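Here my numbering is used: the sequence shown runs in plain steps of one and ends on residue 1002.
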Amino acid sequence: MTDKNLTRLTIAEARDGLQKGDFTARELTEAHISEVEAARKLNAYVTETPELALAMADKADARLKAGDAAKLTGIPLAIKDLYCTKDVRTTAGSKMLENFVPTYESTVTQNLFDDGAVMLGKVNMDEFAMGSSNETSFYGNTINPWKAEGSDKELVPGGSSGGSVSAVAAFTAMGATASDTGGSIRQPASFTGLVGLKPTYGRCSRWGMVAFASSLDQAGPVARTVRDTAIMMESMASYDIKDSTSVDRPVPDYEKALTGDIRGMKIGIPKEYRIDGMPDEIEKLWQQGIEWLKAAGAEIVDISLPHTKYALPAYYIVAPAEASSNLARYDGVRYTMRKEVPGGLQEMYEATRAEGFGKEVQRRIMIGTYVLSAGYYDAYYLKAQKVRTRIAEDFEKAYEKVDAILTPSCPSAAFPVGEKSNDPIAMYLNDIFTVTANMAGLPGISIPAGLDHQGLPLGLQILGPAFGEETILKVAGVMEDAAGFTATANAWWKE
């Protein structure tokens, strides 16, 4: 089997091939390392770890030989650069952490490595996960492997998990860890023709992840198929005593949920997601998704989520407020960069934070500090938390009638680099269909469902009740079969 063929395998196919002895973990890893080197134009990886990857592959081969392999043994993955990885630089896309090398492993990556997964490197992201286009990274923006037909313009991969999706869409990794605070798994997955799963809040441990907004952040996988996503999800999820928000419940075999049978299931269609100015292509794709579900034997139910219109403004109060608190620790005293200036401690703090944080992070810290300040706390932060409760109640009522909810993933396909970077409001609107799941702590998955008029991927989103990952994976599997999405980016970066 050629190197190219090896990198085109799904995780499920590679797992089966490794266990049958068709190829070794080292051969699979070497093929991916070659692809990583050939795709540097995309700026997906900020730290490549080829020697470590080959050492992990050799250990995986030993496990395979001994008959001690787990589902991910020997599978090469990319790790988003906000997961702390022992003895490997972890920057969260920021100058502030440019030289930070953790002495410990995040729980999620430890789970993956315990199952024999191979780390190819750390991938790019918006600084501290704040962004929808991967343009706020201190290490430069990641490029989407896709291009519009007849255009040579570089497109954004979405954010904040832009490096994760770019790496997987360019076949430089079989899957990637990502994280989702307001849509940072599902939106970039939609922009790159991939499957992205945001689990229920508390399903995956946040220990060892660099925090943005602690009540919203959740780890999750990005992969090329629903089955691959389910395989990764089972490995990433766990109860963790080190994370006070981790939920103590057994981790299912998510792959077994892909039965292909959704007959009798009720799928909700929320009227509030039909927003003004939504492109006809998105509306048509949504309608197509409804038809696929009907054909598979599901019942379509019109529902209302009345507080949806308040979700985005409430999110952009809660998330910056938590960010301003979480990022207070980056003061130049302990493990971050330090700007030496004349004067005392106050001057050093100010100079360090002014230089260490990029503009978008500074903007959100200032917004967050403002809404938490005396005199404004009740008017903004407290009100946003009340709205959040109403959003969660809307979903609870809906799930009394339906098993899952179908919506578009994003209001558009990927857009050109630089097009929205000077317009924060236009950028924030990218999260309009995704933030509700974070505000309510619910699981959501984006699957590739078609192409727009420019030949760019579009996604559909399935939302489920708390710990309803098996339900949304089952629905996603059926829709994936109906969509028959096989398009990939042409490898222009190799030319």
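Cβ coordinates follow ideal geometry from the N, Cα and C atoms, glycine included. Every value quoted in this text rests on a predicted model; they were computed, and no experiment measured them.
Excluding the 5 residues flanking Ala899 on each side, which residues of the same chain have their C-beta closer than 6 Å to its C-beta? So the list reads Ala947, once near-sequence residues are dropped.
Pairs of beta-carbons, one from the stretch 925-936 and one from the stretch 956-975, closer than 8 Å: are there three or more? Using a Cβ-Cβ distance cut-off of 8 Å, the stretch 925-936 and the stretch 956-975 are not in contact, since fewer than three pairs of beta carbons, one from each stretch, lie closer than that value.
Cβ-Cβ distance between Met716 and Tyr590 below 7 Å: Yes, these two residues count as a Cβ contact at 7 Å.
Complete beta strand (DSSP E) runs within the stretch 612-648 (minimum length 3 residues, chain order): For the stretch 612-648, whole beta strand (DSSP E) runs of length 3 or above, ordered along the chain, are 625-630.
Which listed residue (Gln892, Leu525, Ala545 and Leu561) has its alpha carbon closest to that of Glu537: Distances from the CA of Glu537 to each of Gln892, Leu525, Ala545 and Leu561 were compared; the closest alpha carbon is that of Leu561.
Closest to Ile807 by C-alpha separation, out of Pro777, Ala830, Ile824 and Lys791, would be which residue? Ile807 has its Cα closest to that of Pro777, out of Pro777, Ala830, Ile824 and Lys791.
So what does DSSP say about Thr941, is it helix, strand or coil? Correct three-state label for Thr941: coil.
Would you mind reading off the limits of the beta strand (DSSP E) that contains Asp809? Boundaries of the beta strand (DSSP E) harbouring Asp809: Glu806 to Ile810, taken from the DSSP string.
For Asp901, which option in Pro759, Arg871, Ile810 and Ser880 has the closest C-alpha, if you only look at C-alpha atoms? Its Cα nearest to that of Asp901, the residue Ile810 stands out among Pro759, Arg871, Ile810 and Ser880.
Which stretch, first to last residue, makes up the alpha helix (DSSP H) that contains Ser832? Boundaries of the alpha helix (DSSP H) around Ser832: Ala818 to Asn833.
Take Ile874 and list the residues in its own chain whose beta-carbon comes closer than 6 Å to its own, dropping the five residues that flank it on each side. Once the five neighbours on either side are set aside, the close Cβ partners of Ile874 are Pro827.
Have a look at Lys705 and Ile952 and give me their C-alpha separation to the nearest angstrom. Cα to Cα, Lys705 sits roughly 6 Å from Ile952.
On the criterion of 16 or more Cβ atoms from any shown chain inside 10 Å, does Pro955 qualify as buried, or is it exposed? By the neighbour-count criterion, in which 16 or more other beta carbons inside 10 Å mark a residue as buried, Pro955 falls on the buried side.
Using CA coordinates, which residue listed in Thr684, Ala998 and Asp760 is at the minimum distance from Phe620? Out of Thr684, Ala998 and Asp760, Thr684 has the C-alpha closest to the C-alpha of Phe620.
For the putative contact between Val625 and Leu584, defined by C-beta atoms under 8 Å, what is the C-beta separation to the nearest angstrom? Contact flag correct, Cβ pair sits at about 7 Å.
Is the number of C-beta pairs between the stretch 510-524 and the stretch 573-588 that are closer than 8 Å three or more? The stretch 510-524 is in contact with the stretch 573-588.
Straight-line gap, Ala942 to Ala803 (C-alpha atoms, nearest Å): First, the residue type needs correcting, since residue 942 is Val and not Ala in the sequence shown. Rounded to the nearest angstrom, the two C-alpha atoms are 28 Å apart.
Residue ranges of each alpha helix (DSSP H) run of no fewer than 4 residues wholly in the stretch 928-989, ordered along the chain? Every unbroken stretch of the alpha helix (DSSP H) spanning 4 or more residues and falling wholly within the stretch 928-989 is given here in chain order: 931-935 and 942-947.
How about Val663 and Val729: do their beta carbons lie closer than 7 Å? For Val663 and Val729, no; Cβs fall outside 7 Å.
Length-filtered (4 minimum) alpha helix (DSSP H) runs lying within the stretch 525-562: For the stretch 525-562, whole alpha helix (DSSP H) runs of length 4 or above, ordered along the chain, are 532-545.
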